[in-house]
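Here is the structure we will look at.
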Amino acid sequence: MKESTLRKDQQELVGRLMSTCGGSYPPEIRRKFFISGPQWAAAYQGQALFHAPTRTPLQPAEVIERLAEIGIGWWTTHDTDIIPTDQLMTDRQDQILEGIRKALERNGVACSMVTGETFYHPVWAASPAGEQPEVRSYARQRLENVVEIGHRLGAQFLVYWPGTLGYQFQGVVEETRMLKRYAEEINAACEKDLAVARSMAISPMRHCLEAKPFEPQAELILPTTDAMLTFINSGMLKHPEMVGVNPEYLHELMWGSAPRAALARALVAGKLWHFDVNDGYRLKHDVDLAVGLVNPLDWLNVLILLRAHGYNGPFNLDYKPPRTTSNYGVFQVSFPSAVDRFITLWEIAGEAISDPVINEATKALEAGAAPAESADANAIFEANKELWTLHELIGHRLVQILLGLNRGRAFSV
Ligand code: GLT
Ligand code: MN
Ligand code: MN
């Protein structure tokens, strides 16, 4: 069989099995959610340290068109995903941005977030907040330029992932100085944003810090969302009110934490502005699998928390379609299945929030059984002993709701 016929047959097989899976939502429903598709996720070719690429490159206009067809209404990008490094801050940048603006408009897609690449190019080998003033002044120009790109494309959010803010060798970097230098760069971006916003008579953007516990450096200076929150309140930022966080689900899981608890800490600080959604494993690498493929129960609980608190920021599909998925598969299987799993989990979260069993159990737990002012530990314990069984019952109920078992099940025996 000719290679092209074989490929066509295989694509038909994938397409047929995908529609047999069912459970997909029409593009109009998908568009109701603030779900964004990153340029870098769609265009990721499957390369890594030990891995050659398995997919061919994709241009931004094509990604935007495919996302629009699926019903993903927002698009996010790094500066260098769309503009080669040596064309940044030149006239060519303006032409490229104009082309992208038109592609977005043509497809009814909006750019929600722009982020700066301050980790890939060799100039960042010793970090964008390293010792050399010329590296830092270049980093500042790059961040200021990201602000310009963001306004130009109508984005409301900027993200900074300082992945090279750390070290391989302890003692080489003086951490407090590096933190100050990093703060100066964020300050420059905020000031630039204020100036541009003033001149255009529009609102400034939301600047969101994203943490990752390791990779590519052995040790990171700001490894967690908690560290970012501390940094925001360190007194080194001139405009802390403009700066929030962009937690990534897997990055919190990677260091062994409970992502939902990390999100709760950002929520109570009023700083949960943007959220990278994906999945993976504890204490391993940043595998960036698609949302809900590994930890659906944990994801259900994350979405219960966010729904209950009225989180209305973006859900950014920051994942990497696996190397085994083809260019065809990226838009036939990878993106639509990620979006649909997310929406289903969101719906199930709504079901859990209004579940009568969970609500009655929670109410009973919160009411307690002992007199409120009692100072008798034994009496309090005895009065609540039977009530606490509800913890396990609620856990059981959540799994039932996740698996649809609350609606009954046919038995095979
Ligand atoms: C990099 C990182 C992601 C960040 C991107 C934003 S870059 O891929 O691992 O989690 O969100 O810069
Ligand atoms: Mn991310
Ligand atoms: Mn990641």
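First residue of the sequence shown: 1493, per my numbering; consecutive thereafter. Positions of the beta carbon are idealized from the N, C-alpha and C atoms, including for glycine.
- Query: Counting only runs that start and end within the stretch 1622-1680, where is the alpha helix (DSSP H) found for 4 or more residues in a row?
  - Reply: 1625-1645
- Task: Give the secondary structure of P1828 by DSSP, where H, G and I count as helix, E and B as strand, and everything else as coil.
- Result: The count along the sequence shown starts at 1 and reaches residue 1828 at position 336. Helix at P1828.
- Item | D1790 - DSSP class collapsed to helix/strand/coil | Translated into positions along the sequence shown, residue 1790 becomes position 298. Note: D1790 maps to helix in three-state DSSP.
- Item | Nearest-angstrom Cβ-Cβ length linking A1710 and Q1660, presumed shorter than 8 Å | Sequence index remark: in the sequence shown, residue 1710 carries index 218 (1-based). Sequence index remark: in the sequence shown, residue 1660 carries index 168 (1-based). Sure, about 5 Å apart at Cβ, within 8 Å.
- Message: Pop quiz: A1602 and L1809 are said to be a contact at Cβ under 8 Å. What is the actual Cβ separation, rounded to whole angstroms?
- Response: Within the sequence shown, the letter at position 110 stands for residue 1602. Within the sequence shown, the letter at position 317 stands for residue 1809. No, A1602 and L1809 are not in contact; Cβ-Cβ is about 15 Å, not under 8 Å.
- Task: Starting from L1775, trace the alpha helix (DSSP H) both ways and give me its first and last residue.
- Result: By one-based count along the sequence shown, residue 1775 stands at place 283. Unbroken run through L1775: none, as it is neither H nor E.
- Can D1768 be considered in contact with ligand 2, in the sense that its beta carbon sits closer than 7 Å to one or more heavy atoms? The sequence position of residue 1768 within the sequence shown is 276, counting from 1. Checking the Cβ of D1768 against ligand 2 gives yes.
- Query: CB of K1704 to nearest heavy atom of ligand 3: below 7 Å?
  - Reply: Here the question's residue 1704 lines up with position 212 in the sequence shown. Yes.
- Thinking just about the alpha-carbon of each residue, which of A1703, M1734, I1713, T1668 is nearest to the one in G1658? Residue 1658 sits at position 166 when you count from the first residue of the sequence shown. Residue I1713 is the option with its Cα nearest to G1658.
- Query: Name the DSSP bridge partner or partners of V1735?
  - Reply: Position 243 of the sequence shown, counted from the start, is the residue given in the question as residue 1735. V1735 pairs with H1699.
- Where do the ends of the beta strand (DSSP E) carrying A1602 lie? Position 110 of the sequence shown, counted from the first residue, corresponds to residue 1602. Element bounds for A1602: 1602-1607.
- Message: Between the alpha carbons of P1788 and G1772, how many angstroms are there, rounded?
- Response: On the sequence shown, position 296 is the one that residue 1788 refers to. On the sequence shown, position 280 is the one that residue 1772 refers to. Roughly 11 Å between the two C-alpha positions.
- Item | Rounded Cβ spacing between Q1531 and P1552 (contact assumed at less than 8 Å) | Within the sequence shown, residue 1531 is the residue found at index 39, counting from 1. Within the sequence shown, residue 1552 is the residue found at index 60, counting from 1. Yes, they are in contact, since the Cβ atoms of Q1531 and P1552 sit about 6 Å apart, within 8 Å.
- Item | Inter-stretch contact (C-beta, 8 Å, three-pair minimum) for the stretch 1682-1698 and the stretch 1716-1732 | yes
- Query: Who are S1528's beta bridge partners in DSSP?
  - Reply: Within the sequence shown, the letter at position 36 stands for residue 1528. S1528 is bridged to W1566, N1808.
- Return the Cβ separation of G1529 and I1575 in integer angstroms, given the expectation that the two are a contact with Cβ distance under 8 Å. Translated into the one-based positions of the sequence shown, residue 1529 becomes position 37. Translated into the one-based positions of the sequence shown, residue 1575 becomes position 83. Wrong, their Cβ atoms sit about 19 Å apart, outside the cutoff.
- Message: Restricting to Cα atoms, I'd like to know which of A1560, Q1503, K1494 is closest to P1518.
- Response: The residue given as residue 1518 occupies position 26 in the sequence shown. Among A1560, Q1503, K1494, the Cα nearest to that of P1518 belongs to A1560.
- Query: If you draw a straight line from the alpha carbon of E1677 to that of E1623, how long is it in whole angstroms?
  - Reply: As a first step, residue 1677 must be located in the sequence shown, where it is residue number 185. As a first step, residue 1623 must be located in the sequence shown, where it is residue number 131. C-alpha separation (whole angstroms): 13 Å.
- Since I believe N1637 is in contact with L1701 (beta carbons under 8 Å), could you give me their beta-carbon distance rounded to a whole number of angstroms? Mapped onto the sequence shown, residue 1701 falls at position 209. Mapped onto the sequence shown, residue 1637 falls at position 145. Going by Cβ atoms, the distance from L1701 to N1637 rounds to 18 Å, so no, they are not a contact pair.
- Message: Given this structure, state the Cα-to-Cα distance separating N1876 from G1860, to the nearest angstrom.
- Response: In the sequence shown, residue 1876 corresponds to position 384, counting from 1. In the sequence shown, residue 1860 corresponds to position 368, counting from 1. So the alpha carbons of these two residues sit roughly 7 Å apart.
- Message: At the level of alpha carbons, what is the spacing between M1746 and A1540?
- Response: Your numbering for residue 1746 matches position 254 in the sequence shown. Your numbering for residue 1540 matches position 48 in the sequence shown. Straight-line Cα distance between these residues: approximately 18 Å.
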